[in-house]
Amino acid sequence: MRRLCALLVFSLLILTSVEIARAEWVNNGVPLAVAGSYSFADACVSDGAGGAIVVITDSRNGNYDVFAQRIDGLGVPQWTVNGVTISAAASDQTGAVAVSDGAGGAVIAWADTRSGAYDIYVRRVNAAGTALWTANGVALCTATGEQLNLSIASDGAGGAIVAWQDLRSGTSWDVYARRVNSTGTPQWTANGVAVCALAGLSANSPVVVADGAGGAILAWTDSRAGNADIYVQRLNASGTPQWAANGVAMCSAANTQAGARIASDGAAGAIVAWEDARSGTYDIYAQRVLSAGSMAWTANGNALCTAADAQANSSIASDGAGGAIVMWQDQRNGGDVDLFAQRVNSFGAATWDYDGVAVCATIGTQGPGTLVPDGSGGAIALWEDDRSGTGDIYAQAIGAAGVMRWQYDGMPVCTAARDQYTPLAAPDGSGGVIAAWSDDRSALFDVYAQRMEPRYGYWGRPEPTVVSAEDNPADQGGKVILRWLSSQRDRYDNPAISNYSVWRSTDFVTAAARAGTAASLVVQDPLDVPSDFAGTALWERAGANGPEYWEWIANQDAFYMASYSLTAPTRQDSVGGNPAIHYFKVVAHESDYPQTRAWESGTVSTYSVDNLAPAAPLFLTAQRAGA
1 MRRLCALLVF SLLILTSVEI ARAEWVNNGV PLAVAGSYSF ADACVSDGAG
51 GAIVVITDSR NGNYDVFAQR IDGLGVPQWT VNGVTISAAA SDQTGAVAVS
101 DGAGGAVIAW ADTRSGAYDI YVRRVNAAGT ALWTANGVAL CTATGEQLNL
151 SIASDGAGGA IVAWQDLRSG TSWDVYARRV NSTGTPQWTA NGVAVCALAG
201 LSANSPVVVA DGAGGAILAW TDSRAGNADI YVQRLNASGT PQWAANGVAM
251 CSAANTQAGA RIASDGAAGA IVAWEDARSG TYDIYAQRVL SAGSMAWTAN
301 GNALCTAADA QANSSIASDG AGGAIVMWQD QRNGGDVDLF AQRVNSFGAA
351 TWDYDGVAVC ATIGTQGPGT LVPDGSGGAI ALWEDDRSGT GDIYAQAIGA
401 AGVMRWQYDG MPVCTAARDQ YTPLAAPDGS GGVIAAWSDD RSALFDVYAQ
451 RMEPRYGYWG RPEPTVVSAE DNPADQGGKV ILRWLSSQRD RYDNPAISNY
501 SVWRSTDFVT AAARAGTAAS LVVQDPLDVP SDFAGTALWE RAGANGPEYW
551 EWIANQDAFY MASYSLTAPT RQDSVGGNPA IHYFKVVAHE SDYPQTRAWE
601 SGTVSTYSVD NLAPAAPLFL TAQRAGA
């Protein structure tokens, strides 16, 4: 009879869970643009709230227009189905770039042929998906000739600085830039400030990064010496060049230097990496330029990789400590193209293995790829990968010491049918990443997105999300109610979670006392607390400011529910002069035996209150009497 009742309860739980249609991350990605047309992912930036804004070029109107979609950290698209319109002007709008506006939205720029030649237009979309400024965009440059190959950086005040290569001279490419403020008013010289404009000599492929003072630093490929070199320039917030006219030579070594990639050094300077043929084959070099325009490292750059055969198509991410992580495609192993990476510190020293560490060296071609900082001195890499015979998207977390943190040769982001291309990424603010890409699974190009969590590189959100922590009402204190969204791996069709454990932060003195109790279990990982545990347990973990200590409160079995709640005890109530704030977190435990993975929620704070009569006594003191 008891077993029959248990089965009935379990059946009701299943029925309760499956009736909820959950919009969330799914295997192989969430569709952002599937309009029955050709859609391409052009840019991906953080929304500052755990999600991302993806900019899409789409042919649904007969020509290519610009759209945008925001997806939150739970995998739910937030704006109009298939994206809000940024520009649907006549003719084509392509090559979009974007940067966060610092308020949950983005500033988007693109090359636009509404006048017959490519010009530069820009528009802002806010956090709610409302496209601001002039309909179909504000003209940033409508000079004669073509303006192409855009790059964008934040001005730190809700606007942006856009750089591009420009053929207004009619004879050679130059580099121009212009700022647009937060209200959509173009700043600086009409049609842009000339960053490098030498008659008959080509300057092209600019990249730009914010200088932290409202201006920007630009790098580009420059042929003034006959072969391609790398030059740089800084513009202040008013658009005035700060260094030598037409730029400062960063590298003028023999043969070709091209493909500049740029990252901030955090001190109003920048680190630039490029592919360099001074040896006769392409290698990877880097240089740091200081805020005043002087080069910090070896003349013509420091070698990051000079391995056999060619290295090319680099990407770069700041390491948060004045250096950078650089990744590139590498042919040192013969016919296959692999991915390698190197970290260079603020002094120009390569800190990982000589010629770089292998990010992915499996069969087939890997790359090109992209890098985003992980917030802990490392980076997350994403790339195109044809190990299966078709193009897929893979990812890897590279630790600050150059150790790959996820599965060897990367974790799959998308392995859907046919091909996936051009992965883009934005950090999610918790060490993970939101990825977006162009996808051919339908035989028409669409745009999809996926989140990769930071600990093991699983797709979606396997960690629980605590949505509320509050006092238990109408009691005499000592309890709070925690509510959390379940792990996205706690599903009837994906039953990977066995239980959740709930933990309460404690101080060192209490932790030491608990650790000294024979009945206490002291663990370094919550996985060491089994689902049927009863007793006391203390979890010691590394925190940002030193060791942290957490007391085990309770376990909650997983039942494929959308959410759970639990009443948790506190050590003391909030009273006047002492708010008695408590901190909690929830951990999802994998159901495989033995358990090998667990995912933590973020930390939440709350307090308990004695809210029943009689009121808590004030100024209560105690004195010990006797032995």
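Start counting the sequence shown at 1; every next residue gets the next number (our numbering). No residue lacks a Cβ here, since even glycine has one placed at the ideal position from N, Cα and C.
Can you tell me which of the options puts its alpha carbon nearest to the alpha carbon of residue i?
i: SER115; options: GLY129, ALA139, ALA350, ARG123; result: ALA139
i: TRP395; options: TRP297, THR370, GLY377, GLY323; result: For the record, residue 395 in the displayed sequence is Ala; it is not Trp. The option with the nearest alpha carbon to ALA395 is THR370.
i: ASP336; options: ARG387, MET295, ALA401, GLU590; result: ARG387
i: ARG466; options: ASP507, ALA562, THR422, ALA381; result: Note on identity: in this sequence residue 466 is Val, with Arg being the wrong assignment. Out of ASP507, ALA562, THR422, ALA381, ALA562 has the C-alpha closest to the C-alpha of VAL466.
i: TYR593; options: ASP428, ASN499, GLY170, ALA270; result: ASN499
i: ALA544; options: SER376, ALA537, ALA425, ILE497; result: SER376
i: TYR176; options: ALA153, PRO206, GLY159, PRO186; result: PRO206
i: ASN63; options: THR80, ASP47, TYR38; result: TYR38
i: ALA190; options: ASP174, PRO495, CYS141, ASP222; result: CYS141
i: TYR421; options: ASP392, GLY431, GLY399, TYR458; result: ASP392
i: LEU235; options: ASN227, ASN246, ALA228, ASP229; result: ASN246
i: ASP439; options: VAL30, TRP25, GLU24; result: VAL30
i: ALA613; options: GLN476, VAL522, SER486, ASP557; result: GLN476
i: GLY269; options: VAL209, ALA349, ASP557, ALA244; result: VAL209
i: ASN61; options: SER91, GLY301, ALA49; result: SER91
i: GLN450; options: ALA416, VAL84, LEU132, THR362; result: ALA416
i: ILE581; options: VAL587, GLN572, VAL125; result: GLN572
i: THR567; options: TYR118, GLU600, VAL502, GLN524; result: VAL502
i: ARG461; options: TYR549, GLU600, GLY410; result: GLU600
i: LEU424; options: VAL413, ARG418, SER430; result: VAL413
i: VAL84; options: THR183, ASN302, ALA35; result: ALA35
Could you give the residue range of the beta strand (DSSP E) that holds residue i?
i: TRP164; result: 160–166
i: MET250; result: 248–251
i: LEU148; result: 147–154
i: GLU590; result: 582–590
i: PHE40; result: 39–46
i: GLU463; result: Unbroken run through GLU463: none, as it is neither H nor E.
i: ARG70; result: 65–71
i: MET411; result: 411–414
i: SER520; result: 520–523
i: THR370; result: 366–373
i: LEU74; result: No beta strand (DSSP E) holds LEU74; DSSP gives it neither H nor E.
i: ILE380; result: 379–385
i: GLU600; result: 598–600
i: VAL195; result: 193–196
i: ASP174; result: 174–180
i: LEU527; result: Taken as a continuous stretch (DSSP letters only), LEU527 belongs to no beta strand (DSSP E), as it is neither H nor E.
i: PRO454; result: Here PRO454 belongs to no beta strand (DSSP E), and DSSP marks it neither H nor E.
i: ILE363; result: Per DSSP, ILE363 belongs to no beta strand (DSSP E) and is neither H nor E.
i: ASP392; result: 392–398
i: LEU290; result: Run containing LEU290: none; DSSP gives neither H nor E here.
Who does residue i pair with in a DSSP beta bridge?
i: ARG483; result: SER468, SER565
i: PHE533; result: According to DSSP, which records beta bridges pairwise, PHE533 is partnered with nothing at all.
i: LEU304; result: Note: LEU304 sits in no beta bridge, so no partner.
i: ASN499; result: ASP557, HIS589
i: TYR285; result: TRP274, ALA303
i: THR506; result: TYR549
i: THR221; result: ASN204, ILE230
i: VAL357; result: ALA341
i: ASP648; result: Nothing can be reported for residue 648, as the shown portion of the chain is limited to 1 through 627.
i: ARG541; result: GLU548
i: GLN476; result: ASP610
i: ASP440; result: In DSSP, ASP440 forms no bridge with anything.
i: VAL209; result: ILE217
i: ASN61; result: None, per the DSSP bridge assignment.
i: VAL403; result: The partner list for VAL403 (beta bridge, DSSP) is empty, contrary to what the question assumes.
Does any residue of chain C have a CB that is nearer than 8 angstroms to the CB of residue i?
i: GLY29; result: Going by chain labels, chain C is absent from the structure shown, which holds only one protein chain.
For the ligand SAH, is there a heavy atom less than 7 angstroms away from the beta-carbon of residue i?
i: ASP446; result: Looking at this structure, you won't find the ligand SAH or any other ligand, since it has none at all.
### Message
Would you call the stretch 100–115 in contact with the stretch 45–54, where contact means no fewer than 3 C-beta pairs closer than 8 angstroms?
### Response
yes
### Message
Taking contact to mean 3 or more Cβ pairs, one atom from each stretch, closer than 8 angstroms, check whether the stretch 278–291 and the stretch 244–257 are in contact.
### Response
yes
### Message
Pairs of beta-carbons, one from the stretch 285–301 and one from the stretch 267–275, closer than 8 angstroms: are there three or more?
### Response
yes
### Task
Say whether the stretch 471–484 touches the stretch 604–613, bearing in mind that this needs 3 or more beta-carbon pairs closer than 8 angstroms, one atom from each stretch.
yes
### Task
Could you tell me whether the stretch 156–175 touches the stretch 211–220, where touching means 3 or more Cβ pairs closer than 8 angstroms?
yes
### Query
Quick one: any contact between the stretch 530–544 and the stretch 468–476, if contact means 3 or more CB pairs under 8 angstroms?
no
### Query
Which ranges would you report for the beta strand (DSSP E) in the stretch 84–131 if only whole runs of at least 3 residues count?
84–87, 93–100, 106–112, 119–125
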